[in-house]
Amino acid sequence: MNANAGDRVRAERADRRYEGVVLPSSTPEHLVLKLDGGYNVGVDREAATIELLEADVYEIDDEGGSEESEVEFDDDLPTVALISTGGTIASTVDYRTGAVTARFDAEDVLRAVPDLAGLANYRGRVVANILSENMTPEVWRDLAQAVYEEIEAGADGVVVMHGTDTMQFSASALAFMLETPVPVVFTGSQRSADRPSSDNVMNAVCAVEAAKDDVAEVLVCMHASESDDRCALHRGTRVRKNHTSRRDAFETVGANPLGEVDYASREITVRREHVERGERELSLSPSLEPDVELLKYTPGMGSEALAVAEDAAGLVIEGTGLGHVHTDWIPRIADLVESGTPVVMTSQCLEGRVCDRVYDTGRDLLEAGVVEAGDTLPGTAKVKLMWALANADDPAGAMRESLAGELTDRSVPWG
Ligand code: GLU
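Heads up, our numbering is the position in the sequence shown plus 63, with the first residue counted as 1.
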């Protein structure tokens, strides 16, 4: 049976039976159902018997655009676009179908997080409904386009709700794709709304406050400590999820966060240099070269591991220490560079920058044509190379420059 998004169906498989509304699914083999209890389940289409109970229970908006809401517009408040991509935080939002292209409006936003009432006028939009481990460059592009359209339509700030696992990659992707005159703030939640320790409300409230403020960059706003007292504002290209479950899992690497939002007073403190609201014109360069590999070198890994990059457009290596790999790798790296594949070196040390001028291995790597990415985080470097290969005249040169705050300018490796 051909069930479409928005249809109510019953799916039976072996001794299991599910009833729910079909959500758009990223894999044709699976039917994703939103059950009445709010949970989503995936059902193998081949293995299940599917019965249509009611067609078009929900109307799916194929345009995915924002909709006028019945919540009254308050002229005195700024407008914040709330864009959902999925993850734990979005699972708290009852946006009718949870569908990829469905709208969710101010009522939905306020029903999900009533504490947001009175902080802004909201425009809601759903770009995806996925766990962030399923994020792809295509969704980054759709997201960047949606953010661009919302800002162009007059949003004073944008909040992106995202799963936490790969938030740092998506934030980096948007930081390279977008020049923004307003804040674009990613937020998520480490604990779901049904748990007393959930972080979703405070993170959402602080993200909206940051979206109304003056840091016109792509930011990540998440708990700054294990208490419900403040959220940190991290630059999207310098942040890393450093804990699997703690609410303060996100940290700016190698520096303090840009700033923080005090939850009680809603006061925002910004301590570091940043792009101000209105300083940049809105522009979007969404092209990406998807075929870039990130390879972590570990002892015992033979140079045949580099085969992964043979047909790739670019390679980022997470090397040891100052940026090293086994010396046996160097001739093969030289061949890759010779054949036109940029090879970029980052470090698997959590702090510091690569410097291949200190040891012979490093000098030989430089000789082989490796591009040093300074203190750019390996994941950020991968996203940046994807962007640079599609947009920069000199992608290798772009990797040596800071484009979105990803590369800091301390010059000594131990400084
Ligand atoms: N692993 C999922 C994700 O990153 C769920 C956890 C979360 O939302 O943080 O989307």
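From the three backbone atoms N, C-alpha and C, an ideal C-beta is built for every residue, glycine too.
Local conformation of Glu109 per DSSP, three classes: coil
To the nearest whole angstrom, what separates the beta carbons of Thr142 and Ala218, a pair I think is in contact under 8 angstroms? 5 angstroms
What residue range does the alpha helix (DSSP H) around Ile396 cover? Ile393 to Glu401
Where does the unbroken beta strand (DSSP E) through Gly425 begin, and where does it stop? First-last for Gly425: Asp423 to Glu430, but that is the alpha helix (DSSP H), not the beta strand (DSSP E).
For the beta strand (DSSP E) containing Cys412, name the first residue and the last one. First-last for Cys412: undefined, no H or E at that position.
Going by DSSP, what residues sit across from Gly377 in a beta bridge? Val355
Any idea what DSSP makes of Val321, helix, strand or coil? It should be pointed out that residue 321 corresponds to Leu in this sequence rather than to Val. In the structure shown, Leu321 sits in coil (DSSP, three-state: anything other than H, G, I, E or B).
Tell me whether Cys418 sits in a helix, a strand or coil according to DSSP, three-state version. coil
Near Pro320, which residues of its chain fall below 6 angstroms by C-beta distance, leaving aside the five closest residues on each side in sequence? Ala295, Leu296 and His297
Have a look at Val302, Glu323 and Gly322 and flag the residue whose alpha-carbon is nearest the alpha-carbon of Phe313. Val302
Would Thr227 and Gly150 be called neighbours here (beta carbons separated by less than 8 angstroms)? yes
Do Ala375 and Asp354 count as a contact pair if the criterion is CB distance below 8 angstroms? yes
Proximity winner among Glu336, Asp398, Ile331 and Thr112, relative to Arg76 (alpha-carbon distances): Thr112
Closest to Leu358 by C-alpha separation, out of Gln208, Gln231, Gly442 and Leu237, would be which residue? Gly442
With a threshold of 6 angstroms on Cβ separation, who are the neighbours of Ala467 within its own chain once the five nearest residues in sequence on each side are excluded? Ala238, Phe239 and Thr300
Check Ser288 in the structure and name its three-state DSSP category. coil
Based on Cα-Cα distance, which residue from Thr332, Val72, Pro246 and Ser348 lies nearest to Glu342? Pro246
Going by C-alpha distance, which of Ala453, Pro177 and Lys447 is nearest Ser350? Ala453
Report buried or exposed for Asp137, applying the criterion of at least 16 other Cβ atoms within 10 angstroms of its Cβ. exposed
Can you name the residues that DSSP bridges to Ser346? Glu242
According to DSSP, residues forming a beta bridge with Met224: Ser147 and Thr250
At least 3 beta-carbon pairs within less than 8 angstroms: the stretch 401–410 vs the stretch 447–466: yes
What do you get for Arg174, buried or exposed, if any count of 16 or more other CB atoms within 10 angstroms of its CB means buried? exposed
Validate contact between the stretch 276–288 and the stretch 333–342 using beta carbons, cut 8 angstroms, 3 pairs: yes
Taking the C-alpha atoms as reference points, what is the distance between Leu385 and His306? 24 angstroms
Segment limits, beta strand (DSSP E) that includes Glu274: Reading off the sequence shown, one finds Ala at residue 274, where the question assumed Glu. Run containing Ala274: none in the beta strand (DSSP E); it sits in the alpha helix (DSSP H), Asn263 to Lys275.
Opening and closing residue of the alpha helix (DSSP H) in which Gly446 lies: It is Val, not Gly, that sits at residue 446 in the sequence shown. Looking at the DSSP string, the run of the alpha helix (DSSP H) that includes Val446 is Pro441 to Asn454.
Confirm the yes/no value for this check: CB of Asp262, any heavy atom of the ligand GLU, distance under 7 angstroms. no
Does the separation of the CB atoms of Tyr326 and Cys418 fall below 8 angstroms? no
Who does Glu81 pair with in a DSSP beta bridge? A small fix is needed here, since residue 81 is Tyr in this sequence, not Glu. Looking at the DSSP assignment, Tyr81 forms a beta bridge with Ala74.
On the CB-based measure, 16 or more other CB atoms within 10 Å of its CB, does Pro177 come out buried or exposed? exposed
Which of the three DSSP states is assigned to Ile193 in this structure? coil
Whose CB is closer than 7 angstroms to a heavy atom of the ligand GLU? List the residues in chain order. Gly149, Gly150, Thr151, Ile152, Leu194, Ser195, Glu196, Gly226, Thr227, Asp228, Thr229, Gly251, Ser252 and Gln253
Within this structure, are the beta carbons of Arg73 and Glu114 separated by less than 8 angstroms? yes
Within 8 angstroms, strictly: CB atoms of Lys304 and Ala183: no
Ala110 to Asp205 span [Cα, whole Å]: 32 angstroms
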